[in-house]
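Trainee: Structure incoming, see below.
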Amino acid sequence: MSVPQVSPLQDILVPISVGELMDKLTILEIKSERINNPSQLKNIVHELEALRAVPLGDIDCTMLDKLKAELKRVNARLWDVEDAIRDCDARGDFGGSFIELARAVYRLNDERARLKKAINLASGSRLFEEKSYKSFQRENCEP
4 MSVPQVSPLQ
14 DILVPISVGE
24 LMDKLTILEI
34 KSERINNPSQ
44 LKNIVHELEA
54 LRAVPLGDID
64 CTMLDKLKAE
74 LKRVNARLWD
84 VEDAIRDCDA
94 RGDFGGSFIE
104 LARAVYRLND
114 ERARLKKAIN
124 LASGSRLFEE
134 KSYKSFQREN
144 CEP
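Residue 12 in the working numbering sits at position 9 of the sequence shown, and the numbers go up by one each step.
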């Protein structure tokens, strides 16, 4: 099956929060460090360079750099946990390790959301992503 040729699409410019931009940057940085496929790496680096060129105005970069580093650490941990979950799945291992890894995903995502919000507050972002999840206390496990 052949893929039809289309004209290149112009960049789509969409307003996002500073936290969302930092999240995307850290994920691309992690991908650029961990993915070795040359064609994938070319696309990753291209997108990373385009996003790094976005002007941030008068934002306090010292605080932002600290929060971004924390966000990158959380996103790297999420990457590792997701890889470990896939390894368990491939082995058919859905026991205690799988359950703990699955629980780690939502805990790390909660931390990720907290950091993105902190970045938005520290930067004076006009846009904020809001999350709403049930608490993960054991009493909420009842149907």
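For glycine and all other residues, C-beta sits at the position ideal for the given N, C-alpha and C.
Touch check for the stretch 54-69 and the stretch 98-108: three-plus C-beta pairs under 8 Å?
Mentor: Counting Cβ pairs under 8 Å, fewer than three are found: no touch.
Trainee: Put SER100 into one of helix, strand or coil per three-state DSSP.
Mentor: SER100 falls in the helix class under three-state DSSP.
Trainee: Any idea if VAL164 is buried or exposed, counting beta-carbon neighbours within 10 angstroms, 16 or more meaning buried?
Mentor: For the chain, the structure presents residues 4 to 146; residue 164 sits outside this window and is missing.
Trainee: Between ALA125 and LEU67, is the Cβ-Cβ spacing less than 9 Å?
Mentor: Yes, the pair counts as a contact, with Cβ atoms nearer than the cut-off.
Trainee: If I measure Cβ to Cβ from ILE33 and keep anything under 8 Å in the same chain, skipping five residues before and after, which residues do I get?
Mentor: Contacts found: LYS75, ASN78, ALA79 and TRP82.
Trainee: Can you give the Cα-Cα distance for ASP86 and LEU28, rounded to whole angstroms?
Mentor: If you take the alpha carbons of ASP86 and LEU28, they lie about 20 Å apart.
Trainee: Nearest by alpha-carbon distance to LEU118: which of ALA107, GLU132 and ALA105 is it?
Mentor: LEU118 has its Cα closest to that of GLU132, out of ALA107, GLU132 and ALA105.
Trainee: Beta carbon of ILE47, beta carbon of LEU70: below 9 Å?
Mentor: Against a cut-off of 9 Å, the Cβ pair of LEU70 and ILE47 comes out as no contact.
Trainee: Taking 9 Å as the threshold (C-beta atoms), are ARG115 and ASP14 in contact?
Mentor: No, the pair does not count as a contact, with Cβ atoms beyond the cut-off.
Trainee: To the nearest angstrom, report how far apart VAL17 and LEU24 are at their CA atoms.
Mentor: Approximately 11 Å, taken between the alpha carbons.
Trainee: To the nearest angstrom, report how far apart GLY22 and LYS134 are at their CA atoms.
Mentor: Straight-line Cα distance between these residues: approximately 13 Å.
Trainee: What did DSSP end up calling VAL21 once you bin it into helix, strand or coil?
Mentor: Note: VAL21 maps to helix in three-state DSSP.
Trainee: Identify, in the order they occur along the chain, each residue of the same chain with its Cβ nearer than 8 Å to the Cβ of GLU145, setting aside the five sequence neighbours on each side.
Mentor: Unreliable positioning characterises GLU145 in this predicted model, as indicated by a pLDDT of 44, which lies under 50. A coordinate reading is not provided.
Trainee: Which value, in whole angstroms, describes the spacing of the CA atoms of GLN8 and ARG94?
Mentor: Between GLN8 and ARG94, the C-alpha separation is close to 41 Å.
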